[in-house]
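Take a look at the structure below.
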Amino acid sequence: MSGFLALLSRDLRLVWRRPGDVAVVLAFFIVATVLFPLGIGPAANILARIAAGVLWCTALFASMLSLDRLFAADYEDGSLDLLLLAPWPLELAALAKCAAHWIVTGLPLAVLAPLLGVTFGLPPGALVALAATLLVGTPTLSLIGGLAAALTLGARRGGALLALLALPLCVPTLIFGASAIETLMTGEDLLAHIAILAALALVALATTPWAMAAALRQAGE
Amino acid sequence: MADLHFLANPARFRRFSQRVLPGLTLATVLSFAVGLYLALLQSPPDYQQGETVRIMFVHVPSAWLSMAGYALLAVLGASLLVWRHPLAALMARATAPVGACFALVCLLTGSLWGRPMWGTYWVWDARLTSMLLLFFLYLGHIALSRAYDDPDRGDRAAAILALVGVINLPIIKFSVDWWNTLHQPASITRLDAPAIHPAILMPLLWMAGSFLLLFIVLVLVRTETEIDRRRLEIADQSA
Numbered sequence: 001m002s003g004f005l006a007l008l009s010r011d012l013r014l015v016w017r018r019p020g021d022v023a024v025v026l027a028f029f030i031v032a033t034v035l036f037p038l039g040i041g042p043a044a045n046i047l048a049r050i051a052a053g054v055l056w057c058t059a060l061f062a063s064m065l066s067l068d069r070l071f072a073a074d075y076e077d078g079s080l081d082l083l084l085l086a087p088w089p090l091e092l093a094a095l096a097k098c099a100a101h102w103i104v105t106g107l108p109l110a111v112l113a114p115l116l117g118v119t120f121g122l123p124p125g126a127l128v129a130l131a132a133t134l135l136v137g138t139p140t141l142s143l144i145g146g147l148a149a150a151l152t153l154g155a156r157r158g159g160a161l162l163a164l165l166a167l168p169l170c171v172p173t174l175i176f177g178a179s180a181i182e183t184l185m186t187g188e189d190l191l192a193h194i195a196i197l198a199a200l201a202l203v204a205l206a207t208t209p210w211a212m213a214a215a216l217r218q219a220g221e
Numbered sequence: 001m002a003d004l005h006f007l008a009n010p011a012r013f014r015r016f017s018q019r020v021l022p023g024l025t026l027a028t029v030l031s032f033a034v035g036l037y038l039a040l041l042q043s044p045p046d047y048q049q050g051e052t053v054r055i056m057f058v059h060v061p062s063a064w065l066s067m068a069g070y071a072l073l074a075v076l077g078a079s080l081l082v083w084r085h086p087l088a089a090l091m092a093r094a095t096a097p098v099g100a101c102f103a104l105v106c107l108l109t110g111s112l113w114g115r116p117m118w119g120t121y122w123v124w125d126a127r128l129t130s131m132l133l134l135f136f137l138y139l140g141h142i143a144l145s146r147a148y149d150d151p152d153r154g155d156r157a158a159a160i161l162a163l164v165g166v167i168n169l170p171i172i173k174f175s176v177d178w179w180n181t182l183h184q185p186a187s188i189t190r191l192d193a194p195a196i197h198p199a200i201l202m203p204l205l206w207m208a209g210s211f212l213l214l215f216i217v218l219v220l221v222r223t224e225t226e227i228d229r230r231r232l233e234i235a236d237q238s239a
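As you go down the protein sequences, you meet chains A and B in turn.
The opening residue of the first sequence carries number 1 in full-length UniProt numbering; numbering runs sequentially from there.
The opening residue of the second sequence carries number 1 in full-length UniProt numbering; numbering runs sequentially from there.
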């Protein structure tokens, strides 16, 4: 566990010293989201209808955008070899990297999304629901994306390949995340959607670390 | 399993496949000749759909085989990661594009069938969408296995992906079903026809058998090609 916390705090410190990397991802999220009203038109009823889907999709893209460097820096400077040799499980190290990624992208995205939701004319209840679903759903994106990042480590065309691998696997989270906002209009139970998102996150938490560790091991060979 | 281990040696596999391929190929051709006769000429047109029902004889077997192909990829991936079978990697490399082609044939014929039946080439029906996502999973597998300069790394990364994909497929299927029923209930798309009449079911099963034979022949030929290609690469490197 101490190794987990050490790696997590190291990754967070690295980000803290170069905050530009995170700022670019968040800026991409804002700019990409703002393009939708410009492309579709300012009709308020249409924007409120598509807001949840648009914000979820752009959050998904933004979180993919930052993932291709998740293991790449460690792979290039040799830290990954040390992690492979470390006396504690590689699964835990992979999990620590994903946790750090979630803290610096998933969390800010969940905070920013309601602010952007206001510009789409979402009612206050929907804004809270949007933040809640992103909070519960983005860990899954970080874990699945982390797996794709580990699989594409050292591959040609890594970034685009990462998105091709991760996006189909993220479909369930996207579907339940975006449809949760609609429950406020249809009168369904919002908590049920959040519970399913949490279930997807737990399944990802239970399975992806093993696959990530297997991918990292064969990358280190 | 003992038999499968016997075939894990590429040279032995090659001798085996060269012995069975001519017979299998002939069986495939004959089976298709009979199957196409049954499907296109012998079987009656549907009382509602008319002649377009014959698209089903290509569409449904393709769908079955594209799903079976992904299951095969997962089995091959597991045996590569667990037993490090050298043949499993080559066969997975050979299987993925075949499975992707069957998925594409299923999507295209389905779209051609949908135009006269539903009045549109594409609807975001749960089944269509999950087949499309299966096609994307195939594309990811193909791209990943060929993305490395070292083919062994690509094989093993793709094997992990196939295993993760096969765990995820039921979840994706479930979520897409949910998504569709949420968005458009009582859809016009009723692919699950009421009990199929034997006059149509028999040619369908025959065609499914022919497609299975075709699938096996294609995978065997492509695996042989992969073995040859790998040999040439090694010869190049050592020369």
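Cβ atoms here follow ideal geometry from the backbone N, Cα and C, with glycine treated the same way.
Item                                                                                                                                                            : Value
What's the call for residue 232(B), buried or exposed, on a 16-neighbour Cβ count within 10 Å?                                                                  : exposed
Grab me the residues of residue 106(B)'s own chain with a C-beta within less than 7 Å of its C-beta, minus the 5 sequence neighbours each way, in chain order.  : 59, 62, 63, 66, 131
Find out if the Cβ-Cβ distance for the pair residue 38(B), residue 170(B) is shorter than 8 Å.                                                                  : no
Unbroken beta strand (DSSP E) runs of length 3 or more, entirely within the stretch 82-121 of chain A: which are they?                                          : none
From the DSSP secondary-structure annotation, give me the bridge partner or partners of residue 46(B).                                                          : 50(B)
For residue 148(B), go through chain A and note every residue whose CB falls closer than 8 Å to its CB, in chain order.                                         : 154, 155, 156
Could you check where the alpha helix (DSSP H) with residue 70(A) kicks off and where it finishes?                                                              : No alpha helix (DSSP H) holds residue 70(A); DSSP gives it neither H nor E.
Relative to the C-alpha of residue 90(B), which residue among 51(B), 219(B), 28(B) is closest?                                                                  : 219(B)
Run down chain A in chain order and give the residues with a C-beta less than 7 Å from the C-beta of residue 168(B).                                            : 169
Below 8 Å on the Cβ atoms is my contact criterion, and I expect residue 117(A) with residue 55(A) to pass it. Report the Cβ-Cβ distance as a whole number of Å. : 6 Å
With burial defined as no fewer than 16 other Cβ atoms inside 10 Å of the residue's Cβ, what is the status of residue 173(A): buried or exposed?                : buried
Hey, residue 155(B) and residue 93(B) are a contact pair by Cβ (cut 8 Å); roughly how many whole angstroms apart?                                               : 7 Å
Distance cutoff 8 Å, beta carbons only. Does residue 122(B) sit that close to anything in chain A?                                                              : no
For a test of the three-state rule: what should DSSP assign to residue 197(B), helix, strand or coil?                                                           : coil
Using three-state DSSP, classify residue 22(A) as helix, strand or coil.                                                                                        : helix
Please report how far the alpha carbon of residue 51(B) lies from the alpha carbon of residue 45(B), in whole angstroms.                                        : 5 Å
Identify whether residue 180(B) lies in helix, strand or coil by the three-state DSSP scheme.                                                                   : helix
For residue 230(B), which of 211(B), 152(B), 32(B), 36(B) has the nearest alpha-carbon?                                                                         : 152(B)
Taking a cut of 8 Å between CB atoms, which residues from the stretch 195-225 of chain B lie near chain A?                                                      : none
With a Cβ-Cβ cutoff of 8 Å, do residue 150(A) and residue 93(A) count as a contact?                                                                             : no
Looking at residue 124(B) and residue 111(B), is the spacing between their C-beta atoms short of 8 Å?                                                           : no
Quick check: is the beta carbon of residue 175(A) nearer than 8 Å to any beta carbon in chain B?                                                                : yes
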